[in-house]
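Take the position in the sequence shown, starting the count at 1, then add 6; the result is the number in the working numbering. C-beta: ideal position from N, C-alpha, C; glycine also. Bear in mind that the values here come from a model prediction, so they are computed numbers and not experimental data.
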Amino acid sequence: MQFNDLCEYLVKLEDLSSRNEMTEILVELFSKLEGKEIDQAIYFMQGRIAPLYEPIEFNLSIKLVLKALEAHSSNNDIQALFKKLGDVGLVAEEVNKDSGLSKYSITSIFEHLNEIAEIEGTNSQSAKQTLLQELAQNTSGLELKYITRIIVGKLRLGLSDKTFLDALSWYLSGDKSLRAEIERAYGVNADLGYVARLVIEGGVEAIKDIHLTPGIPVASKLVQREATPQTLFERLGDCYIQPKYDGLRLQVHYDKNGLGEEKVSMSLLGAEKKTVKMFSRNMENLTYMMPDVIEQVELLGVESIIFDSEAIGFDPSSGELVSFQETISRKRKTGIIEAAKATPLKVFAFDILHINGRDLMQTGLEERLQILKEVVDSGKSENIEFAESVLVKSAEELDAKFKEYTDAGLEGLIAKDLGTLYEPGTRNYDWIKLKVKAQKELADTVDAVVLGYYSGRGVRAKFGIGALLIGCYDNKNDKYLSLAKLGTGIKDSDWPIFKKALDEISVDALAENVEIDKQVMPDVLVRPEIVVVVEADEVTVSKVHGYVGKDGLSLRFPRLKQFAREDKDPEQITTVEELEQLAKL
Ligand code: ATP
7 MQFNDLCEYL VKLEDLSSRN EMTEILVELF SKLEGKEIDQ AIYFMQGRIA PLYEPIEFNL
67 SIKLVLKALE AHSSNNDIQA LFKKLGDVGL VAEEVNKDSG LSKYSITSIF EHLNEIAEIE
127 GTNSQSAKQT LLQELAQNTS GLELKYITRI IVGKLRLGLS DKTFLDALSW YLSGDKSLRA
187 EIERAYGVNA DLGYVARLVI EGGVEAIKDI HLTPGIPVAS KLVQREATPQ TLFERLGDCY
247 IQPKYDGLRL QVHYDKNGLG EEKVSMSLLG AEKKTVKMFS RNMENLTYMM PDVIEQVELL
307 GVESIIFDSE AIGFDPSSGE LVSFQETISR KRKTGIIEAA KATPLKVFAF DILHINGRDL
367 MQTGLEERLQ ILKEVVDSGK SENIEFAESV LVKSAEELDA KFKEYTDAGL EGLIAKDLGT
427 LYEPGTRNYD WIKLKVKAQK ELADTVDAVV LGYYSGRGVR AKFGIGALLI GCYDNKNDKY
487 LSLAKLGTGI KDSDWPIFKK ALDEISVDAL AENVEIDKQV MPDVLVRPEI VVVVEADEVT
547 VSKVHGYVGK DGLSLRFPRL KQFAREDKDP EQITTVEELE QLAKL
């Protein structure tokens with residue numbers, strides 16, 4: 007397919023906010039794509055040139071893209087045009103508005119963009135600009151609009167993974183009936199381009215026995231909640247319990263012979279073939295910040311492995327574990343080696359999905375834990391530990407362990423039902439968390455998304471922001487529903503920081519997938535992108551929150567615990583269903 011034809015679809019998608027209409031457009035597009043164009047078109051629509059979990063960046067700022075446009079165009083006041091239009095894509099479109107259509111196919115644009123991303127080292131910026139300039143000379147305004155937006159990471163078509171998965175089901179069966187099966191495949195292999203190609207080319211048969219591949223992340227298995235050791239034991243009976251470590255979830259992949267990376271040109275990922283990769287809860291590639299863990303994984307002495315774990319920093323002199331904030335302090339661009347030395351990580355391995363070429367997802371919990379223990383015990387990695395796993399046979403034993411863990415300063419425990427399999431991405435009672443809570447508090451914190459903010463009154467007038475409107479997620483209808491006003495738990499010095507972050511994602515009108523009643527409409531609306539962690543006393547019924555005109559849910563005394571939680575995407579926040587469950591605990 008010609009790249010320009012794909013761009014025509016992008017225009018249509020950009021103008022829509024209804025998920026059903028987007029699905030229809032995608033189904034039509036899928037019927038016209040073939041071969042590797044399928045993967046490439048999917049990555050483009052995700053605003054990228056590789057699967058989401060590959061850390062590939064163009065390293066070309068808006069400023070430099072504008073410079074390249076300036077060098078290419080006869081218009082010498084590109085800066086003024088950018089000020090007026092406020093979007094690099096619109097500037098590019100304007101610059102090339104009189105250019106004819108290009109002859110580029112999707113694949114050739116994909117290769118050109120790869121080339122731009124690949125350039126590294128001294129003078130790389132100007133070499134990248136030159137390549138972009140060449141592309142600008144040979145593309146239409148529409149094509150250049152999307153090319154530049156992809157380069158600066160601002161494509162934003164509003165397409166969620168769910169919409170892609172729905173569209174693949176509609177493509178095959180004309181309805182949503184194959185959605186669960188396709189979603190399962192996507193849980194096992196997080197390369198959406200690859201899954202889409204399998205489905206489009208081979209139908210549902212092609213994904214039936216999709217396998218784990220070391221190097222490609224698996225959707226993390228999620229947990230349910232219970233309020234007390236007694237109710238937990240009533241639900242599960244005999245079960246394994248493990249401490250609930252409060253660190254960073256880390257899915258570790260290793261292959262002695264190097265991890266498969268056929269999706270991305272090798273030079274983009276560095277000359278050496280990687281043997282270890284690590285991913286966060288939402289499949290962000292965290293390998294770059296884990297030099298110490300890479301060494302430890304190599305010391306396990308296995309051929310290949312995928313294991314699930316929680317990583318926590320520790321003080322090398324005392325051996326004591328540090329707080330979550332300190333654990334993630336190494337999450338930065340420079341000084342990682344020093345940070346890793348100052349606060350190395352201890353990795354508590356709590357499950358295993360693959361060992362030496364063998365897929366363990368269909369293996370029961372007890373056997374998985376046994377294999378994991380053997381692997382960790384026979385390896386030489388001091389900082390990888392097998393998470394204590396205790397089989398409890400009564401509510402009293404469970405209660406005693408819970409007390410032991412919480413007295414030791416842990417968050418609580420995770421109970422795991424005997425015989426259960428590792429089902430990627432599922433949240434059910436196979437795994438249940440039990441956390442310490444203060445009296446009158448909800449049994450768990452709530453992850454919400456910011457929908458907007460109110461300009462400050464009184465003492466906060468000077469900040470121009472005085473409270474946030476936060477929302478929860480209705481996953482059945484893919485909608486964000488207003489949940490509560492939040493103004494407590496925020497330091498004065500944080501308000502300006504929050505305002506700046508929110509102003510960057512402000513929008514003029516209420517999007518179709520957001521529900522906010524007039525009575526609580528914030529002064530500034532934002533795209534639902536920033537995830538916050540909130541504590542509250544209770545889930546309450548509300549006349550003004552939830553769906554407009556209906557009773558909805560709200561929170562009593564919400565307090566901010568963390569702004570901008572990065573390991574969760576908006577679609578992974580607390581759902582209406584989970585709030586209803588929390589209300590009952
Ligand atoms: P959720 O993952 O349920 O959406 P959350 O991200 O807010 O919730 P928590 O409430 O902390 O996380 O509970 C689940 C998380 O606990 C897991 O994602 C994992 O990072 C962590 N965890 C710690 N110890 C364990 C363990 N032994 N088994 C499984 N998960 C554990």
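Ordered along the chain, which non-local residues of its own chain (more than five positions away) have a Cβ less than 7 Å from that of His360?
Leu218, Pro220, Ser310, Ile311, Ile312 and Leu366
Same chain, Cβ closer than 7 Å to Asp453, five either side skipped, listed in chain order:
Val537, Val539, Arg571, Lys574, Ile579 and Thr580
Check whether the Cβ atoms of Val94 and Ser79 lie closer than 8 Å to each other.
Taking 8 Å as the Cβ cut-off, Val94 and Ser79 do not qualify as a contacting pair.
Relative to the C-alpha of Leu238, which candidate in Tyr192, Asp436, Gly147 and Lys485 has its C-alpha closest?
For the residues Tyr192, Asp436, Gly147 and Lys485, the minimum Cα distance to Leu238 belongs to Asp436.
Would Ser67 pass as a contact of Asn519 if the rule is Cβ separation under 8 Å?
no
Throw me the rounded Cβ distance for the Arg155 and Leu161 pair, which I believe falls under 8 Å.
5 Å
Check this for me: beta carbons of Glu304 and Leu256, under 8 Å apart or not?
no
Return yes when the Cβ of Leu378 is within less than 8 Å of the Cβ of Lys352, no when it is not.
It is not a contact, given that the beta carbons lie outside the stated cut-off.
State the DSSP-derived secondary structure class of Met272, mapped to helix, strand or coil.
Low confidence applies to Met272: its pLDDT is 42, below 50, so where it sits in the model is not reliable enough to give any reading.
Given this structure, state the Cα-to-Cα distance separating Leu254 from Leu174, to the nearest angstrom.
When rounded, the separation of the alpha-carbon atoms in Leu254 and Leu174 is 33 Å.
By the 10 Å Cβ neighbour count, where 16 or more other Cβ atoms means buried, how is Glu344 classified, buried or exposed?
exposed
Under a Cβ-count criterion, where at least 16 other Cβ atoms within 10 Å of its own Cβ denotes burial, should Gly458 be classed as buried or exposed?
buried
Is Ser111 closer than 8 Å to Thr145 when the C-beta atoms are compared?
no
Could you work out which residue in Gln46, Leu492, Leu178 and Phe9 is closest to Glu34 when comparing CA atoms only?
Leu178
Among Leu427, Leu141, Val530 and Leu87, which one has its Cα closest to the Cα of Leu228?
Leu427
Spatial distance of Gly552 from Asp484 (CA atoms)
13 Å
Roughly how many whole angstroms lie between the Cα atoms of Met7 and Ala348?
52 Å
Given the structure, does Val356 come close to the ligand ATP, in the sense that its CB is under 7 Å from one of the ligand's heavy atoms?
Looking at the sequence shown, residue 356 is not Val but Phe. Yes; taking the cut-off as 7 Å, the Cβ of Phe356 has a heavy atom of the ligand ATP nearer than that.
CA nearest to the CA of Lys590, picked from Asp261, Asp450, Ala490 and Ala467:
Asp450
Would you kindly report the start and end of the unbroken beta strand (DSSP E) that includes Met28?
Per DSSP, Met28 belongs to no beta strand (DSSP E); it is in the alpha helix (DSSP H), Arg25 to Phe36.
Within this structure, are the beta carbons of Val532 and Leu516 separated by less than 8 Å?
no
Straight-line gap, Glu447 to Gly319 (C-alpha atoms, nearest Å)
28 Å
Considering only the beta carbon of each residue, do Cys245 and Val97 sit closer than 8 Å?
no
Simplified DSSP state of Leu161, which is helix, strand or coil:
coil
Rounded to whole angstroms, what's the CA-CA distance from Leu58 to Lys549? Just pull it up for me.
39 Å
Arg203 - DSSP class collapsed to helix/strand/coil:
helix
Rounded to whole angstroms, what's the CA-CA distance from Asp298 to Pro350? Just pull it up for me.
7 Å
I'd like the list of long-range same chain contacts for Ser387, defined as Cβ closer than 6 Å, with 5 residues on each side in sequence excluded.
Gln302, Leu305 and Leu306
In this structure, what does DSSP give as the bridge partners for Ile311?
Residue pairing by DSSP puts Ile311 in a beta bridge opposite Tyr260 and Ile361.
Does any CB atom of chain B fall closer than 8 Å to the CB of Gly41?
This model lacks chain B altogether; it includes just one protein chain.
Is any heavy atom in the ligand ATP found nearer than 7 Å to the beta carbon of Trp176?
Between the ligand ATP and Trp176, a heavy atom-to-CB distance of less than 7 Å is absent.
Do three or more CB pairs link the stretch 9 to 29 to the stretch 117 to 137 at distances below 8 Å?
Contact fails: fewer than three Cβ-Cβ distances are below 8 Å.
When Ser323, Asn10 and Arg25 are compared against Ser114, the one with the closest alpha-carbon:
Asn10
Best match in Arg287, Asn288, Ile247 and Ile222 for proximity to Leu265 [C-alpha to C-alpha]
Considering only alpha carbons, the answer is Ile222.
Those runs of the alpha helix (DSSP H) which lie wholly inside the stretch 362 to 386 and span at least 4 residues:
Taking 4 residues as the minimum length, the alpha helix (DSSP H) runs contained wholly in the stretch 362 to 386 are 371 to 384, in order along the chain.
Please state the DSSP three-state secondary structure of Asn10.
helix
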